[in-house]
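Each remark here refers to the structure printed beneath this line.
Chains as they are written, first to last, in our numbering: chain Y, 1 to 268; chain D, 269 to 494.
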């Protein structure tokens with residue numbers, strides 16, 4: 001991802017000088033996310049899809065749904081798997097080939113936010129206990145990279161899952177059979193929204209751009225649910241956060257997340 | 269000799285046929301002269317060439333380029349020069365002949381992310397270009413604003429005998445260091461002048477293919493400079 005990116009010294013100084021004056025290079029407030037737009041159903045063949053644009057970062061998420069054999073320990077729950085990929089068109093630094101550790105982290109953080117929030121009531125996705133459940137696979141493809149892929153993937157996935165249509169399956173002779181032209185709504189219980197913050201020196205910035213991302217000392221991604229509770233958290237970078245900073249970050253994530261949640265809600 | 273009007277061409281397009289010399293970015297196929305790139309055809313004095321509209325930067329000897337240091341080994345720095353080739357800056361170029369990898373600290377002189385104005389010393393497409401920062405107007409860049417434009421539009425930005433860039437510099441009180449690789453550093457004591465100069469450069473980048481660009485830029489520079 002952008003962790004290995006080298007930013008030129010002039011830009012770095014410019015960002016740091018502006019931060020001291022309480023400003024950001026693109027004129028945003030410290031706790032302000034970039035403009036988010038979401039288009040739904042951009043992939044006709046998928047059961048659900050969304051394109052999220054967060055500033056100049058763009059992610060396309062597609063949801064495929066099919067019956068699966070459940071994992072042995074969770075026979076009474078459906079299956080949810082989120083993946084992520086950075087396409088070579090997204091950024092000059094992105095290459096094809098096996099995922100780098102950053103991309104693995106991206107997929108896991110996206111997955112965890114949705115999973116741990118309990119966005120879907122997985123118990124409703126069981127066709128027959130221990131035999132067959134509905135599997136929901138949400139694949140994220142980053143098509144434009146301008147920093148903060150965590151949040152862009154989270155918003156695209158949440159919007160895609162929230163708007164998907166689950167085909168109806170019936171068990172016949174111990175095997176699931178699709179019932180043509182019958183769909184159900186996904187059992188959505190809450191809308192998880194992740195907010196990533198970068199720490200540069202003593203400043204904490206919500207939704208860093210790629211330039212801010214490449215000079216940050218540490219980052220934290222906090223996912224909140226519709227009730228404003230923290231449900232997942234990921235910290236990265238070599239620096240740390242003090243206890244006060246963590247409290248401040250969680251408050252910022254709840255505040256910024258509420259605005260984002262409204263946008264996701266409205267696009268359904 | 270007569271010269272035909274410039275025309276937009278695409279690769280494979282026949283520009284003209286007849287007793288012409290096929291020059292830059294064209295090939296002769298039988299009688300026809302065919303373009304190899306997307307650009308503007310220029311038939312002039314019995315020769316045909318195509319001025320590119322898109323494409324990357326290919327280093328050329330003696331070009332001034334602006335590079336960003338991306339890494340170093342014990343003997344040289346590697347600079348990103350906005351090309352498919354990376355610039356190699358030997359340590360001896362900075363430390364002199366008696367450079368020793370054990371006693372001299374390379375990062376003290378140039379660290380990752382530093383910008384340099386450099387000149388291409390030697391390049392033959394088989395290996396990465398050798399660059400130097402010793403010379404007038406070369407070396408580390410400490411201040412200014414980095415602007416990136418398409419390398420193909422650099423000649424348009426400079427203008428005939430530097431007319432365009434001089435006009436921008438004088439009317440905005442700024443200095444522009446132009447790298448042939450499409451990277452520019454604009455600096456000015458006056459923040460408004462700096463913004464204006466950058467706007468003018470962006471206008472040229474956008475409108476490089478149209479005629480009477482000079483008048484447009486002039487108008488733009490004068491319009492808000494009360």
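From the three backbone atoms N, C-alpha and C, an ideal C-beta is built for every residue, glycine too.
Could you tell me whether any Cβ in chain D is nearer than 9 Å to the Cβ of residue i?
i	result
residue 15 of chain Y	no
residue 12 of chain Y	yes
residue 1 of chain Y	Bear in mind that a pLDDT of 45 at residue 1 of chain Y, under 50, signals an unreliable position, so the number given afterwards is only what the model happens to contain. Taking Cβ atoms only, chain D never reaches closer than 9 Å to residue 1 of chain Y, which makes this a no.
residue 210 of chain Y	no
residue 200 of chain Y	no
residue 8 of chain Y	yes
residue 18 of chain Y	no
Should residue i and residue j be called a contact, given that it needs their Cβ atoms to be closer than 9 Å?
i	j	result
residue 431 of chain D	residue 441 of chain D	no
residue 141 of chain Y	residue 62 of chain Y	yes
residue 204 of chain Y	residue 7 of chain Y	no
residue 218 of chain Y	residue 241 of chain Y	yes
residue 320 of chain D	residue 300 of chain D	no
residue 144 of chain Y	residue 83 of chain Y	no
residue 387 of chain D	residue 414 of chain D	no
residue 132 of chain Y	residue 126 of chain Y	yes
residue 209 of chain Y	residue 56 of chain Y	yes
residue 316 of chain D	residue 288 of chain D	yes
residue 65 of chain Y	residue 164 of chain Y	yes
residue 166 of chain Y	residue 180 of chain Y	no
residue 412 of chain D	residue 448 of chain D	no
residue 409 of chain D	residue 383 of chain D	yes
residue 401 of chain D	residue 357 of chain D	yes
residue 396 of chain D	residue 355 of chain D	yes
I want to see whether chain Y comes within less than 9 Å of residue i, judged by CB atoms only; does it?
i	result
residue 338 of chain D	yes
residue 456 of chain D	no
residue 380 of chain D	yes
residue 409 of chain D	yes
residue 479 of chain D	no
residue 383 of chain D	yes
residue 413 of chain D	yes
residue 330 of chain D	no
residue 348 of chain D	yes
residue 453 of chain D	yes
residue 270 of chain D	Residue confidence for residue 270 of chain D is low, a pLDDT of 48 falling below 50, so the modelled location carries little weight; the figure read from the coordinates is stated next. Answer no: the Cβ-Cβ gap between residue 270 of chain D and chain Y never drops below 9 Å.
residue 494 of chain D	For residue 494 of chain D, the pLDDT reaches just 47, beneath the cut-off of 50, and the residue's location in the model is therefore unreliable, leaving the point undetermined.
Can you find the residues in the same chain that come closer than 7 Å, C-beta to C-beta, to residue i, ignoring five residues on each side of it along the sequence?
i	result
residue 226 of chain Y	190, 191, 261
residue 151 of chain Y	54, 194, 195, 196, 207
residue 290 of chain D	296, 301, 316
residue 94 of chain Y	86, 87, 88, 145
residue 11 of chain Y	211
Considering only the alpha carbon of each residue, which of the options lies closest to residue i?
i	options	result
residue 111 of chain Y	Y/20, Y/128, Y/183, Y/153	Y/153
residue 9 of chain Y	D/387, D/378, D/391, D/304	D/378
residue 170 of chain Y	Y/134, Y/161, Y/160	Y/134
residue 33 of chain Y	Y/40, Y/242, Y/24	Y/24
residue 265 of chain Y	Y/50, Y/240, Y/106	Y/50
residue 92 of chain Y	Y/5, Y/268, Y/254	Y/5
residue 232 of chain Y	Y/247, Y/109, Y/46	Y/109
residue 75 of chain Y	Y/18, Y/123, Y/119	Y/123
residue 202 of chain Y	Y/168, Y/244, Y/80	Y/244
residue 230 of chain Y	Y/77, Y/114, Y/72	Y/114
residue 68 of chain Y	Y/267, Y/238, Y/137	Y/137
residue 403 of chain D	D/341, D/393, D/392, D/385	D/385
residue 303 of chain D	D/275, D/330, D/363	D/275
residue 341 of chain D	D/380, D/322, D/330, D/312	D/380
Which residues in the same chain as residue i place their Cβ atom closer than 8 Å to its Cβ, once the five residues preceding and following it in sequence are excluded?
i	result
residue 424 of chain D	432, 472, 476, 481
residue 36 of chain Y	52, 53, 54, 155, 260, 263
residue 467 of chain D	488
residue 462 of chain D	413, 440, 442, 454, 455, 456
residue 494 of chain D	Model confidence at residue 494 of chain D stands at a pLDDT of 47, short of 50, so the residue's coordinates are unreliable; what they give is reported in the following sentence. Excluding positions up to five away in sequence, the list is empty.
Less than 6 Å between C-beta atoms, sequence neighbours within five positions excluded: which residues of the same chain meet that for residue i?
i	result
residue 258 of chain Y	none
residue 464 of chain D	440
residue 128 of chain Y	171
residue 1 of chain Y	Only weak support exists for where residue 1 of chain Y lies, its pLDDT of 45 falling under 50; the coordinates are left without a value.
Does the stretch 319-332 of chain D come close enough to the stretch 351-359 of chain D to have 3 or more Cβ pairs within less than 8 Å?
yes
Taking contact to mean at least 3 C-beta pairs separated by less than 8 Å, is the stretch 331-341 of chain D in contact with the stretch 448-462 of chain D?
yes
To be precise: take each residue of the stretch 86-108 of chain Y, compare its Cβ to all Cβ atoms of chain B, and keep it if any distance is under 8 Å. Which residues remain?
In summary, chain B is missing from the structure at hand, where the protein chains are Y and D.
Meets three-Cβ-pair contact criterion under 8 Å: the stretch 364-380 of chain D and the stretch 413-421 of chain D
no
With a cut-off of 8 Å, do at least 3 Cβ pairs link the stretch 35-50 of chain Y to the stretch 159-167 of chain Y?
yes
Any contact between the stretch 275-282 of chain D and the stretch 248-257 of chain Y? By contact I mean 3 or more CB pairs, one from each, below 8 Å.
no
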